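What follows is a set of notes on a single structure, which appears directly below.
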Amino acid sequence: MQQCIPGEEDMIRLGMFLGTFLKGEEIIYLRGELGAGKTTLVRGILRGLGFTGRVTSPSFTLMNVYDSQPPVYHFDFYRLEGGDLTDLGLEDYLGKKGITIIEWPEIGASDLPQDALIINIELVEGDYDRGRMVTIQASGPEHIKLLEELTQNVPTGY
Ligand code: ADP
Ligand code: MG
Numbered sequence: 011m012q013q014c015i016p017g018e019e020d021m022i023r024l025g026m027f028l029g030t031f032l033k034g035e036e037i038i039y040l041r042g043e044l045g046a047g048k049t050t051l052v053r054g055i056l057r058g059l060g061f062t063g064r065v066t067s068p069s070f071t072l073m074n075v076y077d078s079q080p081p082v083y084h085f086d087f088y089r090l091e092g093g094d095l096t097d098l099g100l101e102d103y104l105g106k107k108g109i110t111i112i113e114w115p116e117i118g119a120s121d122l123p124q125d126a127l128i129i130n131i132e133l134v135e136g137d138y139d140r141g142r143m144v145t146i147q148a149s150g151p152e153h154i155k156l157l158e159e160l161t162q163n164v165p166t167g168y
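Here my numbering is used: the first residue of the sequence shown is 11, the next is one more, and so on.
Structure, rendered in structure tokens:
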């Protein structure tokens, strides 16, 4: 699935749309350069789940937990140093009921499950002030089913 997202508010709306389809056992990888809009999308996802509190970047804390329903474990691996992945207890979170969202999954790739929703955010013409091209792919039966559901229901006009 591919969507052109003109501005920040549209990215929030796309996240809200995604959030309403999540059941609580999903893994979402967010790929895209610094400032692409990964955290903005997570903000929308949490809104879609009905979470009304503040959503901040976990780039320094490496991880934020939101007590949304289902809960969200939001990771950012950008500043991850070798070995930190086990210290983070990622394994524990992957086994729990909740949605795991990871920015910069490339950095911990070898330790991450394959089955996931993979979201790529690209700048249009390399310009931060332009829109974003968001491409969503899926790996594994559960996430493929979710992507099909998303594709069938996505509103037009972002
Ligand atoms: P990342 O987590 O990928 O580093 P952020 O979501 O923290 O990125 O920041 C994205 C920045 O880009 C925000 O300042 C936001 O206002 C801006 N922006 C401009 N256009 C868009 C767009 N179409 N979608 C998302 N963010 C946008
Ligand atoms: Mg971010």
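The C-beta atom is built at its ideal place from N, Cα and C for all residues, glycine as well.
These figures come from a predicted structure and were not determined experimentally.
Figure out for me which residue from the options has the closest Cα to the Cα of residue i.
{"i": "Ala126", "options": "Leu95, Glu35, Pro80, Val75", "result": "Glu35"}
{"i": "His153", "options": "Leu51, Leu90, Tyr76, Phe31", "result": "Phe31"}
{"i": "Ser67", "options": "Gly58, Phe87, Phe61", "result": "Phe87"}
{"i": "Phe85", "options": "Met143, Val52, Ser78, Lys106", "result": "Val52"}
{"i": "Gly136", "options": "Met26, Gly29, Gly45, Pro81", "result": "Gly45"}
{"i": "Glu159", "options": "Phe27, Gly17, Asp20", "result": "Phe27"}
{"i": "Asp20", "options": "Arg142, Ser149, Thr161, Pro151", "result": "Arg142"}
{"i": "Asn222", "options": "Glu43, Leu56, Gly29", "result": "No answer is possible for residue 222: it lies beyond the span of the chain, which begins at 11 and ends at 168."}
{"i": "Asp139", "options": "Arg23, Arg41, Gly47, Ile22", "result": "Gly47"}
For residue i, count neighbouring C-beta atoms within 10 Å of its own C-beta (all shown protein chains included) and say buried if the count is 16 or more, exposed if not.
{"i": "Val65", "result": "buried"}
{"i": "Ser78", "result": "buried"}
{"i": "Thr166", "result": "exposed"}
{"i": "Pro123", "result": "exposed"}
{"i": "Thr226", "result": "Residue 226 cannot be examined here, being either before or after the span of the chain that is shown, 11 to 168."}
{"i": "Ala148", "result": "buried"}
{"i": "Glu18", "result": "exposed"}
Excluding sequence positions up to five away, which residues of its chain have a Cβ less than 8 Å from the Cβ of residue i?
{"i": "Ile117", "result": "Phe87, Tyr88, Leu90"}
Skipping 5 residues on each side, what residues in its chain have a beta carbon closer than 6 Å to that of residue i?
{"i": "Ile38", "result": "Ile111, Leu127"}
Is residue i helix, strand or coil by DSSP?
{"i": "Ser120", "result": "helix"}
{"i": "Thr161", "result": "helix"}
{"i": "Phe70", "result": "coil"}
{"i": "Gly19", "result": "Here residue 19 turns out to be Glu, not Gly, going by the sequence shown. Glu19: helix per DSSP, three-state reduction."}
Leaving out five residues on either side along the sequence, give the residues of the same chain with a beta carbon under 7 Å from the beta carbon of residue i.
{"i": "Gly58", "result": "Gly25, Met26, Phe27, Leu28, Gly29, Thr30"}
{"i": "Leu56", "result": "Gly29, Val65, Tyr76, Ser78, Val82"}
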